[in-house]
Structure formats: C-alpha cells, structure tokens
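Here the structure comes first, spelled out in structure tokens, and everything after it is commentary.
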Amino acid sequence: MEMLDNPSWRWGLSLIVLTMTIHATVVLIVAFVGMRIRVQLETRNLDEWNLIAILICATGLVGLLLAVLHLTECGIWAAVYLWVGALDSPTDALFYSVESMATLGASGLTLQRPWQMMGGLEAVNGMILFGVSTAYLFAMMQVYWSMLAKYVTSSNG
47 MEMLDNPSWR
57 WGLSLIVLTM
67 TIHATVVLIV
77 AFVGMRIRVQ
87 LETRNLDEWN
97 LIAILICATG
107 LVGLLLAVLH
117 LTECGIWAAV
127 YLWVGALDSP
137 TDALFYSVES
147 MATLGASGLT
157 LQRPWQMMGG
167 LEAVNGMILF
177 GVSTAYLFAM
187 MQVYWSMLAK
197 YVTSSNG
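See below:
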C-alpha cells in the first residue's frame, strides 16, 4: 500500500479520468455534429466527386480537431507537472507530456523522482486516448464508405 500513498498515482489516475471525460465529450459532440451533416448530405443531390471531396475534407477536419484535442490534453498534464514541481520549464513540461502521451520517450527528459509514475500513467492514458480517436475515425470512415456505396449503387441503378 505504500506505493499507492505516492501522490504521483493520485494525480495520474485523476488526470486519466479528467482527460478521458474531456475526450469522450468532444468525440460525442463531433459525432452528433457529423450525424447532422451526414443527414443533410444524404438529402442533397450531389454528384459523386463533390461528395467524395466533402467526405475527404470532413475526415481531415476531424483529424485536425482530434490532434488539437490531444495537444490540449497534453497541456493539462504539462500544467500539473509544473504545478507539482515535477518539471521546472513550461516548454519541457509540454514536450515531456507530448512525448509521454505518444509513448515516444526519446528526449531524455525525466520527472523528479517522486513524480516518475505519472509519466508511465500518461503513456497509458495516451494509448487509451489514441485508441478512442482511432476507433472514432474508423467508425466515421465506415459510415462514409457505406454512404458512398449507397450513393454509387443508387446513381448507377
């Protein structure tokens, strides 16, 4: 139980809950907006190439939004690293956070000894968050694919 008394665990687990909640909220909002846009696209008489261009742009926009979301979540972790004194520089804290979340770990930056578990917990958090983002993008592209398939078969039939 001594290991769980380390504040690094409490902070890390709390940040995982916070960033997962933020991530789920944003992904759900994007999904609802995407459904409304899809309904509007399905009611319009677009030619095949316009529809393809719109779907490509929508995928790129969602990808950009997810990248900004991940960076924001790294910023939350970085702010806590500064707050608790695990790192001294805002630049180092953000760089360390991005590296941890992406599970890269090549910079050579390390957290102060009592806070090192947070880096590992952020890597776990990053894998979960990237998994959620990837799953959402995959689901979105499946919907787009079925939308295109339906459009192509109805315009050729």
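Read in the working numbering, the sequence shown has 140 at position 94, and its numbers run on one by one without any break.
C-beta: ideal position from N, C-alpha, C; glycine also.
| Item | Value |
| --- | --- |
| Could you name each continuous alpha helix (DSSP H) segment of 4 residues or more that falls completely within the segment 134-168, going from the start of the chain to the end? | 136-147 |
| Thinking C-alpha only, which one of 83, 55 and 141 is nearest residue 154? | 141 |
| Starting from residue 77 and walking both ways along the alpha helix (DSSP H), at which residues does that stretch end? | 53-89 |
| In the DSSP assignment, the alpha helix (DSSP H) including residue 121 goes from what residue to what residue? | 94-130 |
| Who are the near neighbours of residue 76 in its chain, counting only those whose CB is closer than 7 Å to its CB and skipping five residues on each side? | 108 and 111 |
| Taking a contact to mean a Cβ-Cβ separation below 7 Å, would you say residue 55 touches residue 163 in this structure? | yes |
| My assumption, with CB atoms under 8 Å, is that residue 157 sits in contact with residue 133. Please give the rounded CB distance. | 6 Å |
| Taking 7 Å as the threshold (beta carbon to beta carbon), is residue 188 in contact with chain D? | Among the protein chains of the structure shown there is no chain D, as only one such chain exists. |
| Measuring alpha carbon to alpha carbon, tell me which of 143, 53, 179 and 84 ends up nearest residue 189. | 84 |
| Are there 16 or more other CB atoms within 10 angstroms of the CB of residue 114, so buried, or fewer, so exposed? | exposed |
| Between the alpha carbons of residue 165 and residue 74, how many angstroms are there, rounded? | 27 Å |
| Just tell me which of 126, 97, 59 and 62 has its CA closest to the CA of residue 195. | 97 |
| By the 10 Å Cβ neighbour count, where 16 or more other Cβ atoms means buried, how is residue 144 classified, buried or exposed? | buried |
| Quick one: residues in its chain with C-beta nearer than 7 Å to the C-beta of residue 151, no 5 flanking neighbours on either side, listed in chain order? | 145 |
| Let's test the definition: count the other Cβ atoms within 10 Å of the Cβ of residue 106 and tell me whether it reaches 16, buried, or not, exposed. | exposed |
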